[in-house]
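First comes the structure, then the notes that go with it.
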Amino acid sequence: MPYTLSPDETIGLDVESTEYLKDHVQAPDRWVLNFGPQHPATHTTLRIVLELDGERVARATPHIGYLHSGFEKLGEHHDWNQWVCTASRMDYVSPIVNDIAWHHAVETLFGIDVTPRCKVVRTIMAEIGRLQNHLLCIGAAGLDLGAFTGFLYGFNEREFIYDIVEYVSGQRFHPDWTRVGGAWRDLPDDDTFVRMVRNFIDVRLPKAITDLETLLNRNRIFRDRLEGVGTISREDAIAWSLTGPMARASGVRRDVRKDEPYLCYAPNWDGEGADPVKFSVAVGSKGDCFERYLVRMEEVKQSAKIIDQLIHRIPKGSMNVGADSKAVIPPKGDVYGSIEGTIQLFELVMHNRGWDVPVGETYTAIESPNGELGFFVVGAGGKYPWRVRCRPPCFMNYQCFPKLIEGHQLADVVAVIGSINVIAAELDR
Amino acid sequence: MAAAPKLDHPSLPLVKERFADVKFMATEFRGQTTLVVPAEKLHDVARFLRDDPRCQYNFLSDVTAVDYLDYPAPQPGRFAVIWNLVSHANDRRLRLKVFMNPTIDTTGIDADPALIVDSVTDLWPGAEWMEREVYDMYGIRFRNHPDLRRILTWKDFPAHPLRKDYPLRGRGEREHYQKLARDSA
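So the protein sequences, as listed, match chains U and R.
Just so you know, the working numbering puts 348 at position 348 of the first sequence, and the rest follows in order with no gaps.
Just so you know, the working numbering puts 507 at position 78 of the second sequence, and the rest follows in order with no gaps.
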């Protein structure tokens with residue numbers, strides 16, 4: 001049966017109707033448009049019920065949960081290392097950042113301080129993840145507005161990031177790279193890693209930035225479509241719990257890397273008085289879609305700067321914490337060659353043993369590309385977490401979407417979704 | 430043996446001074462302080478923490494809940510709702526926690542009169558979806574919430590899945606879900 005779209009308030013769309021919607025269906029010339037969940041411009045499975053007055057959005061009601069897969073429930077049945085595979089699959093645009101965030105949270109709960117080498121490599125990979133995410137977001141912002149070229153400028157360079165991620169972790173897309181107290185493998189070869197990263201930030205990235213900026217920054221269509229669209233003020237951004245580039249574009253000076261520093265963003269990260277990495281926090285003022293694009297672009301440059309400071313300072317030594325921490329499976333040589341190594345291996349792999357887990361709870365956040373990605377972890381002394389709560393930045397950022405779009409045109413819906421950079425797998429978990 | 434908690438969070442004396450007749454509990458672990466608040470005082474305490482010029486917790490980072498069914502350490506209640514507050518001005522975090530005990534069978538979805546707490550959406554509008562998620566996952570309702578519906582599962586879902594008495598593999602919702610044929614859709 002063909003659908004008829006007519007201006008009629010009795011349209012039988014299943015909108016899980018609520019009081020919230022009913023109030024506004026009164027106007028006779030309104031019509032309802034169901035946007036998604038399968039729509040190319042939503043990037044993933046999002047559904048928005050739009051109530052339109054002509055082409056103007058009078059009311060938008062997001063319905064989420066189409067990708068809900070019970071990640072937090074799974075976390076209560078996976079051990080402290082296993083769940084990293086699930087965490088990787090949340091924000092799949094920059095999965096390595098999730099790995100780092102998860103094990104950073106676990107190490108905070110356990111009270112483990114990772115080695116300086118691990119901190120440096122993790123910081124580099126976290127910034128590479130940020131580049132990975134922002135390049136897609138900036139490119140897709142162009143794509144949604146019809147500039148396919150911009151998308152390819154951004155997406156093409158991500159291929160080189162995948163190569164680096166594969167070199168470090170063994171997998172291109174879902175690295176599952178970190179482990180409690182370190183990583184599952186050390187870098188195969190420092191020089192090759194340095195060469196790959198240098199090639200990316202010295203040769204590939206500047207060209208991509210120039211291409212994107214030349215194409216977009218003064219592009220009449222791009223600016224007309226983004227400027228003044230989806231504006232949120234500084235006060236509202238704080239009240240609506242926005243973080244990351246979205247908050248900073250509205251003028252909120254908040255970056256977890258500066259305010260609650262961790263890894264190499266913290267002073268004295270190597271125990272010998274090293275300075276934290278130097279970078280500037282990009283802060284906008286207007287809070288519209290174009291400002292968010294600019295903030296992301298500036299963060300790309302700052303990330304490259306951070307990597308540049310660290311890439312030649314990767315300390316020698318062990319990637320994993322030592323045997324006395326009882327957190328990591330020792331190298332095979334130690335297992336076969338020393339009684340302590342054998343004991344430690346058995347302590348970790350035996351069913352009734354495992355990590356020395358405290359009975360307590362911590363919340364630890366890092367600055368992911370989309371904002372504050374935090375894990376609230378409750379330990380119960382056992383092999384598995386008692387509770388794993390992920391604070392997904394997309395969830396809080398997407399929540400103010402109706403506020404951003406109401407009053408704008410239908411075509412602005414995709415522009416605003418693109419500028420929020422909603423990743424539904426993280427949104428729904 | 431864990432070290433004794435260091436209760437030196439600067440906001441604790443202020444709360445104690447303002448709410449002298451209320452019984453609080455506080456705990457600290459790894460430098461993070463949690464303040465346990467009686468459910469009926471939660472909204473007042475949250476408003477005080479947001480508005481007092483010495484506290485200024487202007488940002489609500491997260492709202493979540495925990496089910497402590499058979500938790501190894503004894504807890505004052507089975508469910509806990511947790512508000513994670515951040516003060517941008519003082520660069521400080523504080524967690525508020527409210528414990529509650531169910532009065533009816535927790536395997537169902539009937540509204541439990543004991544599992545309810547004031548919504549903070551009037552203080553931080555961003556709490557709206559987070560509270561909806563807590564309601565969806567734990568069945569804890571929020572008084573004066575503008576739009577308390579399920580958010581991640583669908584509206585007829587017959588359980589609150591993050592409760593500890595809900596099995597990991599579900600109760601057959603997936604296997605018995607009604608399939609629609611193309612011509613009946």
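Ideal Cβ placement from N, Cα and C applies to all residues, glycine included.
Being a predicted model, the structure only gives us computed values, none of them experimental.
In this structure, the straight-line span from the alpha carbon of glycine 381 of chain U to that of isoleucine 96 of chain U is close to 27 Å.
Nearest neighbour of arginine 592 of chain R by Cα position, chosen from R:Gly537, R:Asp585, R:Thr463, turns out to be R:Gly537. With at least 16 other beta carbons inside 10 angstroms of its own, threonine 362 of chain U counts as buried.
Below the 9 Å Cβ cutoff, chain U contributes Ile238, Val252, Arg253, Arg254, Asp259 as neighbours of histidine 517 of chain R, in chain order.
By the criterion of at least three beta-carbon pairs nearer than 8 Å, the stretch 79 to 91 of chain U is not in contact with the stretch 402 to 410 of chain U. Using a CB distance cut-off of 8 Å, tryptophan 558 of chain R counts as an interface residue toward chain U. One alpha carbon belongs to arginine 561 of chain R, the other to threonine 61 of chain U, and they sit about 14 Å apart.
Note that the C-beta distance between proline 315 of chain U and arginine 179 of chain U is not below 8 Å.
In this structure, the CA atom of alanine 101 of chain U is about 9 Å from the CA atom of glutamate 367 of chain U. Put simply, the backbone Cα of arginine 253 of chain U is about 34 Å away from that of phenylalanine 528 of chain R. Looking at the backbone, the Cα of asparagine 98 of chain U and that of cysteine 390 of chain U are separated by about 10 Å.
Using a CB distance below 7 Å, the part of the stretch 61 to 83 of chain U facing chain R consists of Ile64, Gly65, His68, Gly70, Glu72, Lys73, His77, ordered along the chain. A distance of 8 Å or more separates the beta carbons of isoleucine 423 of chain U and threonine 86 of chain U. Using a Cβ-Cβ cut-off of 8 Å, tyrosine 153 of chain U does not count as an interface residue toward chain R, since no Cβ of chain R sits closer than that to its own.
For aspartate 91 of chain U, the secondary structure class from DSSP, reduced to helix, strand or coil, is coil. The beta carbon of proline 276 of chain U lies closer than 8 Å to those of Pro261, Cys264, Tyr265, Ala266, Pro267, Trp269 in the same chain, with the five residues before and after it left out. If you look at serine 440 of chain R, you'll find it isn't in any beta strand (DSSP E); it sits in the alpha helix (DSSP H) that goes 440 to 447. If one requires a minimum length of 3 residues, the beta strand (DSSP E) runs lying completely within the stretch 536 to 603 of chain R are 545 to 547, 570 to 572, in chain order.
Taking the beta carbon of phenylalanine 528 of chain R as reference, no residue of chain U falls within 8 Å; the closest one sits roughly 13 Å away.
Judged by beta-carbon spacing, leucine 443 of chain R lies beyond the 8 Å limit of alanine 455 of chain R, meaning their Cβ atoms are not closer than that value. The beta strand (DSSP E) runs lying completely inside the stretch 32 to 64 of chain U and spanning 3 residues or more are 47 to 53, 56 to 63, given in chain order.
Scanning U:Ala41, U:Phe71, U:Leu33, U:Pro37 for the CA closest to the CA of arginine 59 of chain U turns up U:Leu33. When the Cα atoms are used, arginine 600 of chain R and histidine 104 of chain U turn out to be separated by approximately 34 Å. Per DSSP, the unbroken alpha helix (DSSP H) holding isoleucine 138 of chain U starts and ends at 116 to 144. When secondary structure is reduced to three states using DSSP, arginine 611 of chain R falls in the coil class, being assigned neither helix nor strand.
Nearest to arginine 130 of chain U by C-alpha distance, out of U:Leu143, U:Ile112, U:Glu157, U:Asp113, is U:Glu157. Going by beta carbons, proline 37 of chain U and arginine 47 of chain U fall inside the 8 Å limit. At a C-beta separation below 7 Å, tyrosine 500 of chain R has these neighbours in chain U: Ala380, Trp386. With respect to chain R, the C-beta atom of glycine 360 of chain U has a partner C-beta closer than 8 Å.
Here glutamine 132 of chain U is buried. Its C-beta has 16 or more other C-beta atoms within 10 Å.
Interface criterion not met: the Cβ of tryptophan 512 of chain R is under 8 Å from no Cβ in chain U. Apart from the 5 residues on each side of it in sequence, glycine 65 of chain U sits with its Cβ closer than 6 Å to the Cβ of Asp428 in its chain, given in chain order. Following the DSSP letters along the chain, one finds alanine 494 of chain R inside the beta strand (DSSP E) bounded by residues 488 to 496.
The continuous alpha helix (DSSP H) containing serine 169 of chain U extends over residues 148 to 169. Under the DSSP definition of a beta bridge, asparagine 513 of chain R partners with R:Asp491, R:Arg524.
Within the model, the alpha-carbon separation for valine 416 of chain U versus phenylalanine 401 of chain U is close to 8 Å.
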